[in-house]
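Residue numbers (my numbering): 165 to 1174.
Quick reminder that beta carbons are idealized off the backbone N, C-alpha and C, glycines included.
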């Protein structure tokens, strides 16, 4: 296919056969990557032309006589005025052809290659049409050429590409790392240890590389030493317990990975759930580090707090130093945030080695190793500096491009918490990876390492090994590596996990767990022996400190709080006192130091202008939720304190601190309610009754609250009405939780209409909440309409079964009629006002409801406010009954239920007929539609009533009675067409006289009589 001036196929085949020797001559990891990429480009192009050579075409390829430049042009490779034997490495690197990458599934790569080969085929076909050869072909040969080139060639080229790829993988192991077979990864169950396989995978690729020297060698030694260090500071362990080393205890996590595209949502859990789970982290990293993409944009590694992101960078830094890479780990919390990235790197190098060196000097000392930046803690920059670092990933990518232009290619990985991933701007081509929680097999392996390291220490405490059976009920916590470590330390100190019985729920675990760590910290900080009573008091103070951190986060609507915000909150609520009196109102001094002692409180930090900016976050959000509920119950039970001995008249209950903390957000999340239910369940019945009465008093006095005794406490800027609504809703929620069930009359003892008071309060609460808060609050409660001696009543309870629909409505209750009231129906004329009010006040969710009901209002509006009572049964609207007839599974109804439904529908439809209302047409149409389906099983009385109604309607329309008010012409026309649409049914139901009456007075096909 090539002329004498250059044979691309020959050069390409030679390049494939010689790739192994060419790789042996490379001077560094970067050059090796270039050769690998060029070799892959060769096989993409060669596979196409070899497949075309073997294709059955109605002409010979010798007749086409493609030159080398023409072959390159078809593959979108511009050669220009190159010599006869061009350097394929430099030539082929200039093109942009599909290239495998470890984050790209094999199916996606196949699709990209087929698309490229289809494009090549189209280009070749267009080239062919311009040749004299084409002019001499008849129509049949042209059709054969089109079918072969456009249909057969792309698949044949891909098949040939796969064969060539296998040949390349034999010469270069990297090609084996780049191909992804997700199905095989999903069933892989082995648990990797400390990325130990990455050195085995990459050793063969580094045999010809020069080792690092000087400061680069010192940096590599520093990173390798980390494997022998304990995972955590040994001081955090109880006496006799040993923290295993990083090399022993770190397990390779499962993960999901994807390129970031326009539809990507890396902060969205559901988006990640649509991606395949992978269990080959070591192999993936080997592929990512040797592929070209990582030199153009960083790999972003996401995970929850405690998922092991920072530890992963430590392990990776230790492993890469011996396989042709120079890892440079940069803890972003420890470098100056205002500095350029290069300056931050140099600061991290000095911290690791003690040597002051410039970045270019380090790269020159790296020998043939490629630098890998491990930028740990991007989320800490975002949390502590706000929006100032949203372009950080773009700046990393720009740094990589600049270094590549200078011949200093650098790879980059960045770690961050998942929840802040939506606050960053992503450079083009970036890949994002999320670490997954441990599965049971990984937890079991982790426990085996822990138990082996602590066999002697556990035996000394009289305990056996900690097993998965001990942790299974707490799997959500145990699935995060750092929290798993915390559980193991807690069990080592207390032995509680293995003693736990069925009553040891998550609430009890959190209380014991947090108290255990607080007790240990108290023991470390007290200089002299203290009594058990004093120790308990100090432990309680520690937990209250943590609880105020929880409220600082909760009331700001996020899972972290800055040190400055926390200090402001503490000062506003507790004030600054030089003396530390006993009790809850102890001032919190040195908050950072107090909180930093607990490793289940994560401290994020960065350094700006020489000042440390810090934020605090619980490793698991439920720790903060538990502590907030715990303090809430303490505050409310404090309201039961004895009153003054002399109290003439009503005495105000001092709930000022409770109002300050509980008026900024709702406590109605499911997890917080679980904690609250468990904690209140530990109170005696007498205490619960007393506290219920007290909270109702507080709710009553709150309705006239005008003051705020903690005006400086402002975690969020909320309107006073919003704070009133939130506080009131929290009081009601806790009251219902304590009482288990209470009435609106008990909640609002001074109201003349307690159900109406409940409705008005709900409107206030809803206006105070965002949609998510209102949803949580509403879904946490059940309301039950009933009657008592005073009339209608309302009972409120916690919702017990989320799958149960609300109680069916009885319109007798809402319109203040007695239960089971019969008699004539009633109607209201304001249905259109209801419709319009939903348009004025409706938010998104209410508008969704209105959108569904718009046809009902438009065609059955009057039926919405037209009600039909039945003796001894609930009253319902005509619109409700007609929709029930059309939509319900009537085969599940008894004959009596079906008959009652038709009786109510007929009663309401007659009211419309008496009103001569236009919506009578839609009601008749719905009634006849349903009756046509149910005719065979409608009970006799109801069946006769339908026939009687139809006869009355025909007499009204066609009887010509002078005493009856005639129908409006528009209603008559519409009814005529409605009856015509049901003509077979109508004629089967009415009498011969009525059929004759219709025939004499009106033919439905021609309109009304004159």
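(message) Here's the rule: buried if 16 or more other CB atoms are within 10 angstroms of the residue's CB, otherwise exposed. What is residue 418?
(response) Translated into positions along the chain shown, residue 418 becomes position 254. Classification for residue 418: buried.
(message) Is the beta carbon of residue 646 closer than 7 Å to that of residue 714?
(response) Taking the chain shown and counting its residues from 1, the one referred to as residue 714 is at position 550. Taking the chain shown and counting its residues from 1, the one referred to as residue 646 is at position 482. No, the Cβ-Cβ distance between residue 714 and residue 646 is not below 7 Å.
(message) Taking 8 Å as the cut-off, does the stretch 209-219 touch the stretch 314-331 (at least 3 CB pairs, one atom from each stretch)?
(response) Yes, the stretch 314-331 touches the stretch 209-219.
(message) I'd like the span of the beta strand (DSSP E) that includes residue 788, first residue to last.
(response) On the chain shown, position 624 is the one that residue 788 refers to. Not the beta strand (DSSP E): residue 788 falls in the alpha helix (DSSP H), residues 785-802.
(message) Which residue marks the beginning of the beta strand (DSSP E) containing residue 419, and which one marks its end?
(response) To locate residue 419, count along the chain shown from 1; it is residue 255. Segment 419-423, the beta strand (DSSP E) holding residue 419.
(request) List the whole-angstrom C-beta distance separating residue 771 from residue 499, where the pair is believed to meet the contact cut-off of C-beta under 8 Å. (result) Numbered from its first residue, the chain shown carries residue 771 at position 607. Numbered from its first residue, the chain shown carries residue 499 at position 335. Right, their Cβ atoms sit about 7 Å apart.
(request) Give the straight-line distance between the Cα atoms of residue 292 and residue 320, rounded to the nearest whole angstrom. (result) Here residue 292 is taken as the residue at index 128 of the chain shown, counted from 1. Here residue 320 is taken as the residue at index 156 of the chain shown, counted from 1. Linking residue 292 to residue 320 through their CA atoms gives a straight-line distance of about 19 Å.
(request) Taking only the alpha-carbon atoms, compute the straight-line gap between residue 660 and residue 632 and give it to the nearest angstrom. (result) Taking the first residue of the chain shown as 1, we reach residue 660 at position 496. Taking the first residue of the chain shown as 1, we reach residue 632 at position 468. Near 14 Å, if we compare the C-alpha coordinates of residue 632 and residue 660.
(message) My output table needs one value for residue 950: the three-state DSSP class, helix, strand or coil.
(response) Counted from its first residue, the chain shown places residue 950 at position 786. Looking at residue 950 - three-state DSSP - the assignment turns out to be strand.
(message) Quick check on the DSSP output: what are the complete alpha helix (DSSP H) runs of length 4 or more inside the stretch 537-592, in order along the chain?
(response) 542-549 and 556-569
(message) Determine whether the beta carbon atoms of residue 836 and residue 793 lie at a separation below 7 Å.
(response) Taking the first residue of the chain shown as 1, we reach residue 836 at position 672. Taking the first residue of the chain shown as 1, we reach residue 793 at position 629. A contact, by the Cβ cut-off of 7 Å.
(request) Along the beta strand (DSSP E) that carries residue 493, what are the first and last residues, could you check? (result) The residue you call residue 493 lines up with position 329 of the chain shown. It spans 489-495 - the beta strand (DSSP E) in which residue 493 sits, taken as one unbroken run.
(request) With DSSP as the reference, label residue 780 as helix, strand or coil. (result) Residue mapping note: residue 780 aligns to position 616 of the chain shown, counting from 1. Note: residue 780 maps to strand in three-state DSSP.
(message) Pairs of beta-carbons, one from the stretch 823-834 and one from the stretch 863-882, closer than 8 Å: are there three or more?
(response) yes
(request) Please work out which residues of its chain come closer than 6 Å, Cβ to Cβ, to residue 242, disregarding the five sequence neighbours upstream and downstream, and give them in chain order. (result) For the purposes of this step, residue 242 is taken as the residue at position 78 of the chain shown. Residue placement at residue 242 is poorly supported in this model, since its pLDDT is 48, which falls under 50; the coordinates still yield a value, given next. Result list for residue 242: empty, nothing under 6 Å.
(message) Helix, strand or coil for residue 1183? Go by DSSP, reduced to three states.
(response) Coverage of the chain is limited to positions 165 through 1174, which leaves residue 1183 absent and any answer about it impossible.
(message) For a test of the three-state rule: what should DSSP assign to residue 743, helix, strand or coil?
(response) To locate residue 743, count along the chain shown from 1; it is residue 579. Residue placement at residue 743 is poorly supported in this model, since its pLDDT is 41, which falls under 50; the coordinates still yield a value, given next. Look at residue 743 here: in three-state DSSP terms it is coil, with no helix or strand label.
(request) Whole angstroms is fine: what's the gap from residue 910's alpha carbon to residue 940's? (result) Walking along the chain shown from the start, residue 910 turns up at place 746. Walking along the chain shown from the start, residue 940 turns up at place 776. Here the alpha carbons of residue 940 and residue 910 stand approximately 23 Å from one another.
(message) Assuming the contact rule is C-beta atoms closer than 8 Å, residue 1030 and residue 991 should be a hit. Round their C-beta distance to whole Å, please.
(response) Reading the chain shown from its first residue, position 866 is the one you call residue 1030. Reading the chain shown from its first residue, position 827 is the one you call residue 991. Rounded, the Cβ-Cβ distance is 4 Å, consistent with contact.
(request) Less than 8 Å between the CB atoms is what I'm expecting for residue 652 and residue 630, so what's the real figure, rounded? (result) Translated into positions along the chain shown, residue 652 becomes position 488. Translated into positions along the chain shown, residue 630 becomes position 466. Going by Cβ atoms, the distance from residue 652 to residue 630 rounds to 6 Å, so yes, they are a contact pair.
(request) Just mark residue 870 as buried or exposed, buried being the case when its beta carbon has 16 or more other beta carbons within 10 Å. (result) Counted from its first residue, the chain shown places residue 870 at position 706. By the neighbour-count rule (16 or more Cβ atoms within 10 Å), residue 870 is not buried but exposed.
(message) Considering only the alpha carbon of each residue, which of 915, 864 and 873 lies closest to residue 893?
(response) Residue 893 sits at position 729 when you count from the first residue of the chain shown. Cα-wise, what sits closest to residue 893 is 864.
(request) Using 10 angstroms around the beta-carbon of residue 1013, count the other beta-carbons present and answer buried if the total reaches 16, otherwise exposed. (result) Taking the chain shown and counting its residues from 1, one reaches residue 1013 at position 849. The residue is exposed, with fewer than 16 neighbouring Cβ atoms inside 10 Å.
(message) Tell me whether the stretch 406-416 and the stretch 468-479 touch, counting them as touching only if at least three CB pairs, one residue from each stretch, are closer than 8 Å.
(response) Segment contact: the stretch 406-416 against the stretch 468-479, three or more CB-CB distances shorter than 8 Å; contact assigned.
(message) According to DSSP, simplified to helix, strand and coil, what is residue 1030?
(response) In the chain shown, the residue the question calls residue 1030 occupies position 866. DSSP places residue 1030 in strand when its eight states are reduced to three.
(request) Starting from the N-terminal side, write out each stretch of the beta strand (DSSP E) that is 3 residues or longer and does not extend beyond the stretch 965-1029. (result) none
(message) Can you look up residue 465 in the DSSP assignment and give me helix, strand or coil?
(response) Along the chain shown, one-based indexing puts residue 465 at 301. Of the three classes helix, strand and coil, the one that applies to residue 465 here is strand, per DSSP.
(request) Using a threshold of 7 Å, state whether the C-beta atoms of residue 471 and residue 366 are closer than that. (result) Residue mapping note: residue 471 aligns to position 307 of the chain shown, counting from 1. Residue mapping note: residue 366 aligns to position 202 of the chain shown, counting from 1. Not in contact: residue 471 and residue 366 (Cβ atoms no closer than 7 Å).
(message) Taking the straight line between their C-alpha atoms, what separation do you get for residue 248 and residue 432?
(response) Walking along the chain shown from the start, residue 248 turns up at place 84. Walking along the chain shown from the start, residue 432 turns up at place 268. Any answer about residue 248 is weak, because its pLDDT of 42 lies below 50 and its placement is not dependable; what the coordinates show is given next. Computed Cα separation, rounded: 54 Å.
(message) My output table needs one value for residue 918: the three-state DSSP class, helix, strand or coil.
(response) In the chain shown, the residue the question calls residue 918 occupies position 754. It is helical.
(request) Take the Cβ of residue 1133 as the centre, count every other Cβ of all protein chains shown within 10 Å, and call the residue buried at 16 or more, exposed below. (result) By 1-based counting over the chain shown, the position of residue 1133 is 969. Classification for residue 1133: exposed.
(message) Here's a check: name, in chain order, each residue in its chain whose Cβ is nearer than 8 Å to the Cβ of residue 1010, leaving out the five neighbours to either side.
(response) For the purposes of this step, residue 1010 is taken as residue 846 along the chain shown, with counting starting at 1. Around residue 1010: 1002.
(message) Would the stretch 260-267 count as touching the stretch 193-208 if we require 3 or more Cβ pairs under 8 Å?
(response) yes
(request) Counting only the same chain and skipping the five closest in sequence on each side, list residues whose C-beta sits under 7 Å from that of residue 609. (result) Taking the chain shown and counting its residues from 1, the one referred to as residue 609 is at position 445. Closer than 7 Å at the Cβ level, and outside the excluded window around residue 609, lie 355 and 415.
(request) Count the other CB atoms, across all protein chains shown, that sit within 10 Å of the CB of residue 968; report buried if there are 16 or more and exposed otherwise. (result) Numbered from its first residue, the chain shown carries residue 968 at position 804. When all chains shown are included, residue 968 counts as exposed.
(message) By DSSP's criteria, residue 526 is part of a beta bridge. Which residues make up the other side?
(response) For the purposes of this step, residue 526 is identified with residue 362 of the chain shown, where counting begins at 1. Under DSSP, residue 526 takes part in no beta bridge, so it has no partner.
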